[in-house]
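The structure under discussion appears below in the form of structure tokens.
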Amino acid sequence: MNEAFNLKVKVKPVLPLLIHSGVYEGPCRVGDEKTLNPEFERLQAMRSFERFCEEVRSRLTEDGELLDPAVIEWGEDWVIPEENMAKLDEDSVNVDLYLIANAGLPQYPSVEIARRYRKPVVKLGQIESVDISAYLRSHGMEGYAFIDLDEFNRFVRLYKVKKSLMNTRILVVDDGKIPSVGVVSSVWDLEDVKLRFGIDYKRIPANEVFDEMDRVIRDEAEQKKAEEITNRLIRNADKVHMKKEYIRQSVNFYLAAKNLMLKYRCNAFVIPCFELCVARIPAEKKVTFCLAHSLLKDEGYPSVCEGDISVLLAMTMLMYLSRKSAFMGNSYMVDKERNIIAIHHDVPGLKMKGLDSGDLPYEIRNFTMGGWGATIRYDFSRDRGEIVTLARFDPTATKLLVARGELVGCGGFDKVGCSLRAEIKVRDARDLFHKEMDFGHHLAMVYGDYVDDLRYLGELVGFEVVEA
606 MNEAFNLKVK
616 VKPVLPLLIH
626 SGVYEGPCRV
636 GDEKTLNPEF
646 ERLQAMRSFE
656 RFCEEVRSRL
666 TEDGELLDPA
676 VIEWGEDWVI
686 PEENMAKLDE
696 DSVNVDLYLI
706 ANAGLPQYPS
716 VEIARRYRKP
726 VVKLGQIESV
736 DISAYLRSHG
746 MEGYAFIDLD
756 EFNRFVRLYK
766 VKKSLMNTRI
776 LVVDDGKIPS
786 VGVVSSVWDL
796 EDVKLRFGID
806 YKRIPANEVF
816 DEMDRVIRDE
826 AEQKKAEEIT
836 NRLIRNADKV
846 HMKKEYIRQS
856 VNFYLAAKNL
866 MLKYRCNAFV
876 IPCFELCVAR
886 IPAEKKVTFC
896 LAHSLLKDEG
906 YPSVCEGDIS
916 VLLAMTMLMY
926 LSRKSAFMGN
936 SYMVDKERNI
946 IAIHHDVPGL
956 KMKGLDSGDL
966 PYEIRNFTMG
976 GWGATIRYDF
986 SRDRGEIVTL
996 ARFDPTATKL
1006 LVARGELVGC
1016 GGFDKVGCSL
1026 RAEIKVRDAR
1036 DLFHKEMDFG
1046 HHLAMVYGDY
1056 VDDLRYLGEL
1066 VGFEVVEA
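What follows is the structure in structure tokens.
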């Protein structure tokens, strides 16, 4: 399983405790001798902080992890002693965000925490929370204000996706140039993506993958794994329409791709099709890449066809949001009057209903007329009426096209070639097509409605969401 799914957002609760110098009233302070006593103030604040931490701990989403709380004291000189600020140094590297507890005048300490550690600062409640966030945002730092823990938990869930993106590294197989000839609308500036999204990459030549495939075929231990995977796929399939030896050859390619991902510490995969097809390497080795894409996605590794990094980025976000395997393919209109489009490629997943769920029913069919090139076939008509989310980045990776739709049918299930399609009713097929002019032709698809989450994620990560 891709470890990016198992990351936690590490939350550090902080009480910025203002301790007054004595008992007095004034325009900012009202009370009696008992309540204005500095020691009483400290005691009450600590009790309140303990209750706050306990409530957060008991209600925090499973995507978050609460770190040890910290208290920093400061006084009426409005200076935070260094020994108090230094209390936050010990685990600052592990902190993803600081959660500020209720206290008198928490704004200044919150700003200093953000300046010192360059981490997001979050405050629940009103008044001071927006004061803090407005200052931080106007100074290029991250500040967030939430009404309650429900809002905070949604933020943590989506911030986890952002953190997962920053822990994503793509293995890019290419023939020396980006974009590929088959998808010129693909993202071309990977350094810019790395800078803005934190997504790293490693480029390797195609011959390295096929050399690894040859090694897998020669290696006894690797062949034992290939045989086990092949047997499992055949055993669990409703029907198999091709020879076992050709299925195993596609499994060999999957193992080669996964080995190189492990070697280069990658957890996403993209490979071109047209460039390698004309080189006749797939024909020589009797392999297509379809099965590898399906198997990788079912393990949580985003994986796409035709060297298309635009759809890979969208797929990655959809998979991290949904914890489901994704489908992808060419998008085109089937019935413009009824607003039905198709997503068309032979790369469904068996875990499209959830990475932790059981396999979907499937058949195995050859891609080529020659009988080789294993592909998974899933009948999308089983899911008529289910909602799906579609997405794709534009070539600059600054805009994300999103659409929600309803599955209405399936096509190409029993045909050879790149033929499998999910048929989807969208709000306005013409509008989707016209907006695709700025984005390109592959769309990623996951089950469920994640449009609102993608819009929120755009605010967190920094891209515009265009809805069709």
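Take the sequence shown: its position 345, counted from the start at 1, is 950 in our numbering, and no numbers get skipped.
All C-beta atoms in this analysis are idealised placements derived from N, C-alpha and C, irrespective of residue type, glycine included.
Bear in mind that the values here come from a model prediction, so they are computed numbers and not experimental data.
Would you kindly check if the distance between the Cβ of residue j and the Cβ of residue i is under 8 Å?
i       : j       : result
Met924  : Gly905  : yes
Leu995  : Ala1008 : yes
Thr1001 : Glu1069 : no
Val727  : Phe757  : yes
Val1021 : Met974  : yes
Leu1059 : Met933  : no
Asn872  : Asn607  : yes
Ile948  : Ser930  : no
Phe802  : Val1071 : no
Lys890  : Ala1034 : no
Leu665  : Leu672  : no
Met938  : Ala1049 : no
Leu591  : Tyr740  : The first residue shown for the chain is 606 and the last is 1073, placing residue 591 beyond what the model contains.
Asn857  : Ala831  : yes
Gly787  : Pro877  : yes
Ile685  : Glu717  : yes
Phe874  : Leu900  : no
Gly1063 : Leu1005 : yes
Glu813  : Val821  : no
Met847  : Ala979  : yes
Comparing alpha-carbon positions, which option in the options lies nearest residue i?
i       : options                            : result
Leu960  : Val1051, Glu1069 and Glu660        : Val1051
Ser855  : Ala897, Asn841, Gln828 and Ile775  : Ala897
Leu622  : Phe645, Lys613, Phe610 and Ala609  : Phe645
Val789  : Phe1044, Ala826 and Gln649         : Phe1044
Cys1023 : Lys956, Arg989 and Phe879          : Phe879
Glu676  : Ala919, Gly627 and Lys617          : It is Val, not Glu, that sits at residue 676 in the sequence shown. When each option's Cα is compared against that of Val676, the closest is Lys617.
Asp696  : Tyr1055, Lys848, Asp843 and Val619 : Val619
Gly680  : Arg652, Asn864, Asp668 and His625  : His625
Gly1010 : Arg885, Glu687 and Ala1027         : Ala1027
Val614  : Leu1006, Val635 and Val698         : Val698
Val798  : Lys848, Leu641, Pro877 and Leu918  : Leu918
Cys910  : Ala719, Ser785, Ala842 and Ala691  : Ser785
Asp903  : Leu665, Arg928 and Ser738          : Arg928
Arg1032 : Arg943, Arg634, Asp999 and Tyr1061 : Arg943
Gly781  : Ala650, Arg837, Leu881 and Asp988  : Leu881
Gly990  : Thr980, Gly1053, Ile981 and Ser962 : Gly1053
His1046 : Asp999, Asp1057 and Ala1073        : Asp999
Met926  : Asp668, Arg982, Asp988 and Glu630  : According to the sequence displayed, residue 926 carries Leu and not Met. Minimum Cα distance to Leu926 is reached at Asp668.
Met690  : Arg987, Ser738 and Pro714          : Pro714
Lys844  : Glu687, Asp682, Ser663 and Asp984  : Asp984
Since residue i contacts residue j with CB under 8 Å, what's their CB separation in whole angstroms?
i       : j       : result
Tyr859  : Leu776  : Going by Cβ atoms, the distance from Tyr859 to Leu776 rounds to 13 Å, so no, they are not a contact pair.
Val993  : Ile1029 : 6 Å
Lys724  : Val700  : 6 Å
Arg997  : Ser908  : Not confirmed; about 16 Å, so no contact.
Tyr1154 : Trp977  : No answer is possible for residue 1154: the residues shown for the chain start at 606 and end at 1073.
Ser769  : Ala609  : 4 Å
Ser791  : Ile804  : Not quite, the Cβ-Cβ distance comes to about 14 Å (not below 8 Å), so this is no contact.
Met746  : Ala708  : Actually they do not touch by this definition, with Cβ atoms about 20 Å apart.
Lys849  : Ile839  : 6 Å
Val628  : Asn642  : 6 Å
Using a Cβ cut-off of 8 Å (strictly closer), state whether residue i contacts chain B.
i      : result
Arg762 : Absent here is chain B; the protein component of the structure consists of one chain.
Three Cβ pairs or more, each shorter than 8 Å: is that satisfied between the region 765 to 772 and the region 730 to 743? The region 765 to 772 is not in contact with the region 730 to 743.
Contact the region 964 to 983 vs the region 1034 to 1048: 3+ CB pairs below 8 Å: With a cut-off of 8 Å, the region 1034 to 1048 and the region 964 to 983 do not count as touching, because too few Cβ pairs lie within range.
Please give the ranges of any beta strand (DSSP E) in the region 817 to 894, keeping only runs that are unbroken, at least 3 residues long and fully inside the region. Fully enclosed beta strand (DSSP E) runs of 3 or longer: 873 to 875.
Across the region 740 to 759 and the region 769 to 786, are there enough close Cβ pairs to call them in contact, namely three or more that are closer than 8 Å? With a cut-off of 8 Å, the region 769 to 786 and the region 740 to 759 do not count as touching, because too few Cβ pairs lie within range.
How about the region 803 to 812 and the region 1010 to 1022: do they share at least three Cβ pairs that are nearer than 8 Å? Touching, no, given that fewer than three Cβ pairs across the two stretches are closer than 8 Å.
Would you be able to state if there are at least three C-beta pairs under 8 Å between the region 644 to 663 and the region 695 to 710? Output reads yes: the region 644 to 663 touches the region 695 to 710.
Does the contact criterion of 3 or more C-beta pairs under 8 Å hold for the region 889 to 903 versus the region 936 to 954? Remark: three or more beta-carbon pairs, one from each stretch, lie closer than 8 Å, so the region 889 to 903 and the region 936 to 954 are flagged as touching.
Along the chain, which unbroken stretches of the beta strand (DSSP E) at least 3 residues long are found entirely within the region 914 to 969? Taken in chain order, the complete beta strand (DSSP E) segments of 3 or more residues contained in the region 914 to 969 are 932 to 940 and 945 to 949.
Counting only runs that start and end within the region 706 to 749, where is the beta strand (DSSP E) found for 3 or more residues in a row? Scanning the region 706 to 749 from its first residue to its last, the whole beta strand (DSSP E) runs of 3-plus residues come out as 726 to 729.
Inter-stretch contact (C-beta, 8 Å, three-pair minimum) for the region 810 to 824 and the region 863 to 877: The region 810 to 824 makes contact with the region 863 to 877; the number of CB pairs closer than 8 Å reaches 3 or more.
Can you list, in chain order, the stretches of the beta strand (DSSP E) that have 3 or more residues and sit fully within the region 994 to 1021? Along the region 994 to 1021, the beta strand (DSSP E) occurs as fully enclosed runs of 3 or more residues at 1004 to 1016, listed in sequence order.
Which complete beta strand (DSSP E) runs does the region 648 to 706 hold, if anything under 3 residues is left out? Listed in chain order, the complete beta strand (DSSP E) runs (minimum 3 residues) inside the region 648 to 706 are 669 to 671, 675 to 679 and 702 to 705.
In chain order, which alpha helix (DSSP H) runs of at least 4 residues are fully inside the region 1033 to 1069? You should have 1034 to 1041 and 1056 to 1066.
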